[in-house]
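S.K.: Structure below; questions to follow.
In full-length UniProt numbering, the protein residues as written are 1 to 211.
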């Protein structure tokens with residue numbers, strides 16, 4: 001069996017219907033804010049603040065009605081409160097003035113927004129608009145190296161190798177499956193190859209070639 005086929009079969013078996021780990025959002029705007037908050041934070045921290053945040057400010061217009069202090073207090077558990085408060089207010093203002101209050105569906109427009117880099121934009125487009133992007137975080141970069149899909153250290157360079165490898169199998173679903181697989185079966189520390197089905201398969205193939 002080809003490596004790509006085995007990876008996809010294993011991921012579909014282990015994670016047949018993966019869901020985003022960020023919860024508490026119901027609109028593209030809310031999702032974008034949640035992803036922005038997750039930078040240098042944890043999904044758990046973000047999920048703890050978004051219900052109250054979006055209750056008080058569900059859209060760009062209502063975000064700007066909050067005082068800076070109130071917005072800061074609402075998002076403080078996510079860390080970098082002052083910077084993220086500034087980003088969210090500036091971003092909301094731009095969306096109102098240039099995009100009728102809704103996040104754009106184009107990468108080129110998204111990355112111009114305060115606090116929104118390529119990775120944030122890619123994750124957002126995949127979840128909100130089902131665009132086939134391939135944002136590479138530390139988890140996916142680790143898999144790419146261990147599975148010999150890429151030897152690039154730059155996430156952007158590794159992204160090109162991953163897109164080439166998975167080709168038409170590249171979907172938002174695959175991206176979530178890879179992240180969840182890396183967290184559960186292929187961690188950075190204390191990685192036990194016998195508990196990692198895909199690394200075990202890869203190691204067995206290498207062993208057969210050498211013998």
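Ideal Cβ placement from N, Cα and C applies to all residues, glycine included.
How far does the alpha helix (DSSP H) with residue 50 in it extend, from its first residue to its last?
M.R.: Your numbering for residue 50 matches position 50 in the chain shown. Here the alpha helix (DSSP H) through residue 50 covers 43-56.
S.K.: If I measure Cβ to Cβ from residue 18 and keep anything under 7 Å in the same chain, skipping five residues before and after, which residues do I get?
M.R.: As a first step, residue 18 is located in the chain shown; it is residue number 18 there, counting from the start. Within the same chain, residue 18 has close Cβ partners 173, 176, 177, 180.
S.K.: Just to confirm before moving on: does the CB-CB distance between residue 72 and residue 114 stay below 8 Å?
M.R.: Walking along the chain shown from the start, residue 72 turns up at place 72. Walking along the chain shown from the start, residue 114 turns up at place 114. Contact flag unset, no.
S.K.: Using 8 Å as the threshold, is the region 20-29 in touch with the region 83-103, meaning 3 or more CB pairs across them?
M.R.: yes
S.K.: Starting from residue 30 and walking both ways along the alpha helix (DSSP H), at which residues does that stretch end?
M.R.: As a working mapping, residue 30 is identified with position 30 in the chain shown. From DSSP, the alpha helix (DSSP H) with residue 30 extends over 28-38.
S.K.: Anyone know if the C-beta pair for residue 182 and residue 143 falls short of 8 Å?
M.R.: Taking the first residue of the chain shown as position 1, residue 182 is located at position 182. Taking the first residue of the chain shown as position 1, residue 143 is located at position 143. Going by C-beta atoms, residue 182 is nearer than 8 Å to residue 143.
S.K.: Quick check on the burial criterion: 16 or more other C-beta atoms within 10 angstroms. Buried or exposed for residue 141?
M.R.: Locating residue 141 in the chain shown gives position 141, counting from the first residue. Buried: at least 16 other Cβ atoms inside 10 Å.
S.K.: Mark residue 135 as exposed unless 16 or more other C-beta atoms lie within 10 angstroms of its C-beta, in which case mark it buried.
M.R.: Within the chain shown, residue 135 is the residue found at index 135, counting from 1. Here residue 135 is buried, its C-beta having at least 16 other C-beta atoms within 10 Å.
S.K.: Could you check which residue in 80, 33, 186 has the C-alpha nearest to that of residue 57?
M.R.: Numbered from its first residue, the chain shown carries residue 57 at position 57. For residue 57, the nearest C-alpha among the options comes from 33.
S.K.: Quick one: grab the DSSP three-state call for residue 195.
M.R.: As a position in the chain shown, residue 195 is number 195, starting the count at 1. In this structure, residue 195 counts as helix in the three-state DSSP scheme.
S.K.: Can you tell me whether residue 84 is buried or exposed? The criterion is at least 16 other CB atoms within 10 Å of its CB, across all chains shown.
M.R.: Numbered from 1 along the chain shown, position 84 holds the residue referred to as residue 84. Per the 10 Å Cβ criterion, buried.
S.K.: What are the start and end residues of each continuous alpha helix (DSSP H) run of 4 or more residues lying completely inside the UniProt domain "HhH-GPD" (37-184), in chain order?
M.R.: Whole alpha helix (DSSP H) segments, 4+ residues: 43-56, 60-65, 68-75, 81-99, 107-110, 118-129, 138-146, 155-166.
S.K.: Tell me whether residue 15 sits in a helix, a strand or coil according to DSSP, three-state version.
M.R.: The residue you call residue 15 lines up with position 15 of the chain shown. Looking at residue 15 - three-state DSSP - the assignment turns out to be coil, as it is neither helix nor strand.
S.K.: With DSSP as the reference, label residue 225 as helix, strand or coil.
M.R.: Residue 225 is absent from the model: the chain starts at 1 and stops at 211.
S.K.: State yes or no: is the C-beta of residue 25 within less than 8 Å of the C-beta of residue 54?
M.R.: Numbered from 1 along the chain shown, position 25 holds the residue referred to as residue 25. Numbered from 1 along the chain shown, position 54 holds the residue referred to as residue 54. Yes, the pair counts as a contact, with Cβ atoms nearer than the cut-off.
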